[in-house]
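**Q** If you read the protein sequences in the order shown, they are chains A and B. Take the first sequence: its letter number 98 is residue 98 in my numbering, and every next letter is one higher. To convert, count from 1 in the second sequence and add 147; that's my numbering. Every residue gets a Cβ at the ideal spot worked out from N, C-alpha and C, and that includes glycine. All values reported here derive from a predicted model rather than from experimental measurement.
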Amino acid sequence: MLNRRELVLGGLGLVALTSLPTLALAQDNGAQKAIDKFTGGKAVGEGKLTLTMPEIAENGNTVPLTIKVDSPMTDADYVKEVLVLATGNPSPEVARFEFSPASGLAQADARMRLAKTQDVIALARMSDGSIYKASTTVKVTIGGCGG
Amino acid sequence: MATKPRVKAPKTANAGEVVTIKTLISHPMESGQRKDEAGNLIPRNIIKRFEATFNGKPVFAADLAPSISANPYIEFHLRVTETGELKMIWIEDGGATFEDTQTITLK
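(1) Report, in whole angstroms, the separation of the C-beta atoms of serine 178 of chain B and arginine 191 of chain B, which I expect to be a contact under 8 Å.
(2) What is the rounded straight-line gap between the Cα of isoleucine 251 of chain B and the Cα of alanine 108 of chain A?
(3) When you check each C-beta in the segment 97-124 of chain A against every C-beta of chain B, which residues fall closer than 9 Å?
(4) Flag alanine 185 of chain B as yes if its beta-carbon sits less than 8 Å from any beta-carbon of chain A, otherwise no.
(5) Would you report the Cα separation of aspartate 163 of chain A and proline 101 of chain A, rounded to the nearest angstrom?
(6) Which of the three DSSP states is assigned to proline 205 of chain B in this structure?
(7) Does DSSP put alanine 34 of chain A in a helix, a strand or coil?
(8) Report the partner residues of tyrosine 220 of chain B according to the DSSP bridge assignment.
(9) Could you tell me the alpha carbon to alpha carbon distance between phenylalanine 197 of chain B and isoleucine 236 of chain B, rounded to whole angstroms?
(10) To the nearest angstrom, report how far apart phenylalanine 223 of chain B and alanine 243 of chain B are at their CA atoms.
(11) Buried or exposed for leucine 65 of chain A, please, with buried defined as at least 16 other CB atoms from any protein chain shown within 10 angstroms of its CB.
(12) Quick check: what's the CA-CA separation for lysine 254 of chain B versus valine 165 of chain B?
(13) For the segment 53-62 of chain A against the segment 89-101 of chain A, do three or more pairs of beta-carbon atoms, one drawn from each stretch, fall closer than 8 Å, so that the two count as touching?
(14) Whose CA, out of A/Asp128, A/Thr141, A/Ile142 and A/Val120, lies closest to the CA of alanine 134 of chain A?
(15) Assuming arginine 219 of chain B contacts isoleucine 194 of chain B (C-beta within less than 8 Å), just tell me the rounded distance between them.
(16) Leaving out five residues before and five after lysine 169 of chain B in sequence, what residues of the same chain have Cβ atoms less than 6 Å from its Cβ?
(17) Identify every residue that forms a DSSP beta bridge with proline 64 of chain A.
(18) Shorter than 8 Å from the beta carbon of serine 71 of chain A to some beta carbon of chain B?
(19) Would you give the residue range spanned by the beta strand (DSSP E) that aspartate 247 of chain B belongs to?
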């Protein structure tokens, strides 16, 4: 799903750094690298993209998530893809949703495993190249990654 | 391993209407993290990709990772502009595929 090649950051200008989403994490499971790969150093906006999950998940084995992007979904202006990442699971990738104007509505629902309380992050890429981010914290009482 | 996918889709729609498609497939989504009784890691085996097309044109797709729950539930949307066939395919790690087709008729 996600290519694991090292992203060479040396070529990026320092100006971009202040607008890169940087996670303040005690432990990094690779989520920061996945974010950097998706954004490619581009500035990230807030708004338009929402990530909805319960505040508390009783069972970490199956926690519902909804991503939705405010977009007309026309040939000229649509959502290309939305990436969902978990910051506290063994691997950060959760899902990558691909949309087209034919979707009509840039919304997708799925259910995910959460190993423990953590932030879940969504990143959306629009047809004009702009990127949006949303995140939410889910408290988990019983973890669900088989560990 | 996986049973026939279950899909909830409308049979008809008005031109231009955006409809909701709900899908569910039985699959353990073995993450590769679990161990068996002997302590050996159970190898990863998941549904890694889902694709939906309408009359051959891509509508929606999803790349799934082991963090997706067992029995993957995927809900997406389709703007209906003509009568046609919504074809869905679920692709497993080893290449096995599972399919479902729904016909949607313009009112």
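**A** Result, derived from the coordinates:
(1) Indexing the second sequence from 1 puts residue 178 of chain B at position 31. Indexing the second sequence from 1 puts residue 191 of chain B at position 44. Right, the Cβ-Cβ distance comes to about 6 Å (below 8 Å), so this counts as a contact.
(2) The residue you call residue 251 of chain B lines up with position 104 of the second sequence. The residue you call residue 108 of chain A lines up with position 108 of the first sequence. Answer to the nearest angstrom: the Cα atoms are 20 Å apart.
(3) Phe97, Glu98, Phe99, Ser100, Pro101, Ala102, Ser103, Gly104, Leu105, Ala106, Gln107, Ala108, Asp109, Ala110, Arg111, Met112, Arg113, Leu114 and Ala115
(4) Position 38 of the second sequence holds residue 185 of chain B. Closer than 8 Å: no.
(5) The requested residue 163 of chain A does not occur in the structure, where chain A is confined to residues 1 to 147.
(6) Along the second sequence, one-based indexing puts residue 205 of chain B at 58. Here proline 205 of chain B sits in strand by DSSP.
(7) Your numbering for residue 34 of chain A matches position 34 in the first sequence. Correct three-state label for alanine 34 of chain A: helix.
(8) Mapped onto the second sequence, residue 220 of chain B falls at position 73. In DSSP, tyrosine 220 of chain B forms a bridge with B/Leu171.
(9) Residue numbering aside, residue 197 of chain B sits at position 50 when the second sequence is read from its first letter. Residue numbering aside, residue 236 of chain B sits at position 89 when the second sequence is read from its first letter. Whole-angstrom Cα-Cα distance: 6 Å.
(10) As a position in the second sequence, residue 223 of chain B is number 76, starting the count at 1. As a position in the second sequence, residue 243 of chain B is number 96, starting the count at 1. When rounded, the distance between both Cα atoms is 23 Å.
(11) The residue given as residue 65 of chain A occupies position 65 in the first sequence. Buried, by the Cβ-count rule.
(12) As a working note, residue 254 of chain B is residue 107 in the second sequence. As a working note, residue 165 of chain B is residue 18 in the second sequence. Each residue's Cα considered, the two are about 13 Å apart.
(13) The segment 53-62 of chain A vs the segment 89-101 of chain A: no contact.
(14) Sequence index remark: in the first sequence, residue 134 of chain A carries index 134 (1-based). Here the closest residue by C-alpha is A/Val120.
(15) Here residue 219 of chain B refers to the residue found at position 72 of the second sequence. Here residue 194 of chain B refers to the residue found at position 47 of the second sequence. Sequence inspection shows proline at residue 219 of chain B; the arginine mentioned does not correspond to that position. The beta-carbon separation of proline 219 of chain B and isoleucine 194 of chain B, rounded to 6 Å, stays under the 8 Å limit for a contact.
(16) On the second sequence, residue 169 of chain B is found 22 positions in, with the first residue counted as 1. Excluding sequence neighbours, lysine 169 of chain B sits near Lys155 and Glu222.
(17) Residue numbering aside, residue 64 of chain A sits at position 64 when the first sequence is read from its first letter. In DSSP, proline 64 of chain A forms a bridge with A/Arg111.
(18) Indexing the first sequence from 1 puts residue 71 of chain A at position 71. Not an interface residue.
(19) Numbered from 1 along the second sequence, position 100 holds the residue referred to as residue 247 of chain B. Here the beta strand (DSSP E) through aspartate 247 of chain B covers 244-253.
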